[in-house]
Structures are given as C-alpha cells and as structure tokens.
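According to the numbering used here, the sequence shown is numbered sequentially starting from 172.
Glycine included, each C-beta is placed from N, C-alpha and C at the ideal position.
Report on the following structure.
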Amino acid sequence: MKLRLHFVVDPMGWLCISMVFGIWLYNTFFIPELVLLPHYNEGHIPWAIVVCYYIASGLCLAALFRASTADPGRLPVDPKIPHSEREHWELCNKCNLMRPKRSHHCSRCGHCVRKMDHHCPWINNCVGEDNHWLFLQLCFYTQVLSLFTLVLDFCQYYYFQPLTGLDQEKFTTRHELALMRVSTLMGLMMFGGMSSLFYTQMAGILSDTTTIEKMAQFSDEVYGSKKSWQWALTEVCGTRWKLLWLIPLRSRQPIQASHHFRTHV
C-alpha cells in the first residue's frame, strides 16, 4: 500500500495546523538553543538526552504530517459493495452515496469517512478508520515532547549548573520571560490537553466506540464489542507487531477481526 497524500481545503484548518507547527518549531529550536545544547557542550548532560529529545521531536513532526495528510478513509463515489456485506451498507442522506454503517458524513470535508471519529481542525483532517492510529501517535509524541520541554525548563532553573560561557544577567534579561513563562505555560497546556485527549481516544478504542457515537449516545450493546486491548490496538494500527504501533512512517493494512471479535453492526 502506497502512502497517498490527502489535503483538505479549509483556511481555518490551515491556520490551526500552522499554530501547531509553530509550537513544534518553538520547542525544537528555541529550547535546545538556550538550554539543551549549551549544557551538553559544557558536559552537564549526556549526549543520549540530546539524541532522545530530537528523536521525540522528529517523531512528533512525522506523526503530525502523516495524520494531516493521510486519507482518513474517504469513501469513493462508486464503491464496490461485496454481495455478502450489502445489508451492512446504507444511503447517506447528505451526499446520496452508499456507505458502510458506522461511517459519517463530514460537512467540513464534504464526503463520508469510514468509522469517522471526529473532524480535528488542529490537523486539518478527519480522524477515521485509516488515520486514527496516526492521530493517536500524534497525541502520544506531543505528550512526550511537552514533558521533555517542561523537565528541561525545570532543570534550567533548579538543577543544571550555571553556564560558564554565558552572561547570566544578559540571559535573564533577554530570555527568562520567554523560557520560564511562555515555554512552561505552553508545555503545561500541551501536556495536559494531549494527555486528556489521549486518554479519551484510548478509552474509545478499547470500548470500540467513536467520539461521534458517544455524542449521539449510542449504547455499547449496539456497536461495542468485547476485545482485549492488544487486539483493539492491532485493528486500529493495522499490524500485530507492537513496535510498529509507534512508527508513523509506514502504511496501514486493514486487519479483519475474527468471528469472536467482530463488531456487531
């Protein structure tokens, strides 16, 4: 399966994703330039910390790019419906096209998405069957990068030794406000928000219930199914290899559930 790019023409979505990208730039260039690299050059921290920080930053950017450009599961205009599954398809009253149950029409994107969870303006894309795992990765790596930044900010003022090659008074005058207030506040907001979102997404995956279904108050008896957490994440990520669940630069292969785990529709 090739990695196909999918773009949504939405100025508001472009603005939101630009803000997210700006926060990533801030954490990737400003914090290392003022804290991480100077303390590494003076031998206060090991090289492994620097490498881990940039790996987390790279994975966060990769997950953002893939989640925002991956096809969420858009239904074609003329879908080929297997004869055995026709009873599980229905007509969309907005675009007048056939779609499988648990699909939803996104008014922002203008098409139906298989097992749509919600439309996220922060990635300017829907979160559906084919990119839900990428959105989950984005939430996870954003938590990691935000927590890493908060720890560096804390250590800069309460743990790290003073930098000998830096004018402390000049540093405080020029950078303390941005580093201590903006970076810390932004880190707390991102970590708290993404932690809450990650928990909500994981709860929905484990209960096999999308955000739209929760908002519509569908009961677990209608759509829910009892699955182990391993199998639930295997279906979402499209692979049984747990290490690949954390890799954004790959394609997803649909995995058919066994009869015991099949979702009731």
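Problem set entry | Residue environment, Arg332, which counts as buried when at least 16 other CB atoms sit within 10 Å | Position check: residue 332 holds Gln in this sequence, whereas Arg was assumed. Label assigned to Gln332: exposed.
For this session: Could you please give the first and the last residue of the uninterrupted alpha helix (DSSP H) stretch that includes Asn212?
Result: That run of the alpha helix (DSSP H) goes Leu208 to Asn212.
Problem set entry | Where Thr320 falls: helix, strand or coil (DSSP) | Three-state result, Thr320: helix.
For this session: Determine the DSSP secondary structure at His259, reduced to helix, strand or coil.
Result: Per DSSP, reduced to three states, the secondary structure at His259 is helical.
Problem set entry | Lys398 versus Gly375, Leu196 and Met386, residue with shortest Cα-Cα distance | Nearest to Lys398 by C-alpha distance, out of Gly375, Leu196 and Met386, is Gly375.
For this session: Rounded to whole angstroms, what's the CA-CA distance from Ser390 to Asp379? Just pull it up for me.
Result: Low local confidence applies: a pLDDT of 46 at Ser390 is under 50, so the model's placement there is unreliable, with the coordinate-based value given in what follows. Their backbone Cα atoms lie some 11 angstroms apart in a straight line.
Problem set entry | Alpha carbon of Arg352 to alpha carbon of Ala403, nearest angstrom | Each residue's alpha carbon lies about 40 angstroms from the other.
Exercise. Per DSSP, His289 is paired with what?
Worked result: The partner list for His289 (beta bridge, DSSP) reads Val298.
Exercise. Using the C-alpha atoms, what's the distance from Leu420 back to Cys283?
Worked result: CA-CA distance, Cys283 to Leu420, rounds to 25 angstroms.
Exercise. Would you report the Cα separation of Thr382 and Ser367, rounded to the nearest angstrom?
Worked result: Cα to Cα, Thr382 sits roughly 14 angstroms from Ser367.
Exercise. Just checking, does the segment 300-315 make contact with the segment 240-258 on the three C-beta pairs under 8 angstroms criterion?
Worked result: In short, these stretches touch, since the Cβ pair count reaches three.
Exercise. Opposite Leu176 in the DSSP bridges: which residues?
Worked result: Bridge partners of Leu176: Ala241.
Exercise. What's the C-alpha gap between Trp185 and Tyr370?
Worked result: Each residue's alpha carbon lies about 26 angstroms from the other.
For this session: Report buried or exposed for Met361, applying the criterion of at least 16 other Cβ atoms within 10 angstroms of its Cβ.
Result: Its Cβ being crowded by 16 or more others within 10 Å, Met361 is buried.
Exercise. Where do the N-terminal and C-terminal ends of the beta strand (DSSP E) with Val353 fall, by residue?
Worked result: Under the DSSP assignment, Val353 falls outside any beta strand (DSSP E); it carries neither an H nor an E label.
Problem set entry | Beta carbon proximity, Val222 to chain D, threshold 8 angstroms | You won't find chain D in this structure, because it holds only one protein chain.
Exercise. How about Gly358 and Thr410: are their beta carbons less than 8 angstroms apart?
Worked result: Cβ atoms of Gly358 and Thr410: not closer than 8 angstroms.
Exercise. Can you tell me where the alpha helix (DSSP H) with Val407 in it begins and where it stops?
Worked result: First-last of the alpha helix (DSSP H) with Val407: Trp400 to Cys408.
Exercise. What separation, rounded to the nearest whole angstrom, lies between the Cα atoms of Gln424 and Asn267?
Worked result: Answer to the nearest angstrom: the Cα atoms are 28 angstroms apart.
For this session: Output the distance between the C-alpha atoms of Glu256 and Asn264, rounded to the nearest integer angstrom.
Result: C-alpha separation (whole angstroms): 20 angstroms.
Exercise. Taking the C-alpha atoms as reference points, what is the distance between Tyr197 and Glu300?
Worked result: For the pair Tyr197 and Glu300, the Cα-to-Cα distance works out to about 31 angstroms.
For this session: Could you tell me which residues DSSP pairs with Val284 in its beta bridges?
Result: Paired residues: Arg245 and His275.
Problem set entry | Residue burial classification, Thr199 (beta-carbon count within 10 angstroms, cutoff 16) | Its Cβ being crowded by 16 or more others within 10 Å, Thr199 is buried.
Exercise. Near Gly281, what residues of its chain come up, given a Cβ to Cβ distance below 7 angstroms and the 5 sequence neighbours on each side ignored?
Worked result: Same-chain partners within the cutoff: there are none.
Exercise. If we ignore side chains and look at the alpha-carbon of each, how far apart do Phe236 and Leu377 end up?
Worked result: Rounded to whole angstroms, Phe236 to Leu377 spans 25 angstroms at the Cα level.
Exercise. In whole angstroms, what is the alpha-carbon distance linking Pro292 and Met183?
Worked result: Rounded to whole angstroms, Pro292 to Met183 spans 7 angstroms at the Cα level.
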